[in-house]
Every structure is written in structure tokens, then in C-alpha cells.
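Here the sequence shown is numbered in the working numbering, starting from 39 and rising by one per residue.
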Amino acid sequence: MDTSVSTQFDRVVFQATREIFVGEKAKTKKVKGVKRCINDHPGDRRSVLQLLTQHDASTVHQSILRLLSDKVYESKLIASQRFPDLFESSVAQSEARTLLEEQATRTEQPAVEGILQTYGDDSQENSEWTEATTVLN
């Protein structure tokens, strides 16, 4: 299998198994452990089972072991470097995030001023109440 085909296959395998190999399972080192993780996974296994049906099981297992060895399941950074297209946010998401940040910046200052004014007044009232209580005692 040439490198580009292998990379594409690893990408498909990663997508199908990324919910399975999390936490301690991401440290699995042997085929037997890989099989156990897949079989014991309580979630949706259809995509993995489909891969195992369409391709030789040992090829799928070797791909998973390669991804495990490269710590792709353990680190979102490593996974995003290996498969950048799976982690890129869409243009719409980026634009929405920018708009929300701009709106938050515009509304932040008046909100802070309002809070300071409210609590500033409370502090002054508390101070006046303390003085009045002291005079009465």
C-alpha cells in the first residue's frame, strides 16, 4: 500500500475508531487488546464492523496499531497534524466566532461598569449603614 493510500486508509480507520480508543484504551499495544477494545465498546461500532467486513481484518488492526503507536488517539494536536481536514473549523464557524467575540467586546465594558456601579453603591450604603449603627450604639 503506497503512502497516500495508507494515509487515507488510516484517516478512515481513525474516524471509525476515535471514540473507542480513549483514555487507557489509547495505550493499547497489541492486536489482542485492539480486538478486545472494539468488541467491548458499548457505543456504536457499525463503522468499525463495516471496515472489518470490507477490508482484511489484519489490515484494519495494523492501521489501528500504527495510530496507537503514533499516539494519534491520545493527542488532539497529533491527530490534527496527521489529519488536518478532520479538525479544521468551517468558514461559517470562524465567522460566527469572530462576530460573537466582537459582540462580547462591545457589551463587556458597559456590563463591567454596571456591576461596578451596582456594587460600588452597595459598598457606600453598607458603609453608611455601619456609621448609622455605630452612632446608635
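Every residue gets a Cβ at the ideal spot worked out from N, C-alpha and C, and that includes glycine.
Given residue i as reference, the closest of the options once Cα atoms are compared
| i | options | result |
| --- | --- | --- |
| Val60 | Ile76, Glu139, His93 | Ile76 |
| Lys65 | Arg83, Leu106, Ser113, Ser101 | Leu106 |
| Gly71 | Val50, Glu151, Phe52, Gln100 | Gln100 |
| Gln92 | Pro122, Phe121, Val51 | Val51 |
Span separating the alpha-carbon of residue i from that of residue j
| i | j | result |
| --- | --- | --- |
| Arg74 | Ala117 | 23 Å |
| Gln141 | Arg135 | 10 Å |
| Asp108 | Lys63 | 14 Å |
| Thr145 | Gln155 | 16 Å |
| Ala95 | Lys67 | 16 Å |
| Gln53 | Gln119 | 14 Å |
| Val110 | Leu124 | 13 Å |
| Ala149 | Ser85 | 48 Å |
| Asp78 | Gln147 | 52 Å |
| Ser44 | Leu87 | 19 Å |
| Leu138 | Glu126 | 19 Å |
| Tyr157 | Glu133 | 36 Å |
Residue i classed as buried or exposed, judged by whether at least 16 other C-beta atoms fall within 10 angstroms
| i | result |
| --- | --- |
| Leu89 | buried |
| Asp48 | buried |
| Thr222 | Outside the displayed range of the chain (39 to 175) lies residue 222, so it cannot be described from this structure. |
| Ile153 | exposed |
| Thr55 | buried |
Expected contact under 8 Å - CB spacing of residue i and residue j to nearest Å
| i | j | result |
| --- | --- | --- |
| Leu115 | Val69 | With a Cβ gap of about 27 Å, Leu115 and Val69 do not count as contacting. |
| Gly81 | Glu112 | At roughly 19 Å, the Cβ-Cβ gap does not stay under 8 Å, so Gly81 and Glu112 are not in contact. |
Can you list, in chain order, the stretches of the alpha helix (DSSP H) that have 4 or more residues and sit fully within the segment 76-106?
Counting only runs of at least 4 residues, the segment 76-106 fully encloses the following alpha helix (DSSP H) elements, listed from N- to C-terminal order: 84-92.
Just list the beta strand (DSSP E) runs in the segment 40-71, keeping only unbroken ones of 3 residues or longer that don't cross its boundaries, in chain order.
Qualifying beta strand (DSSP E) stretches: none in this window.
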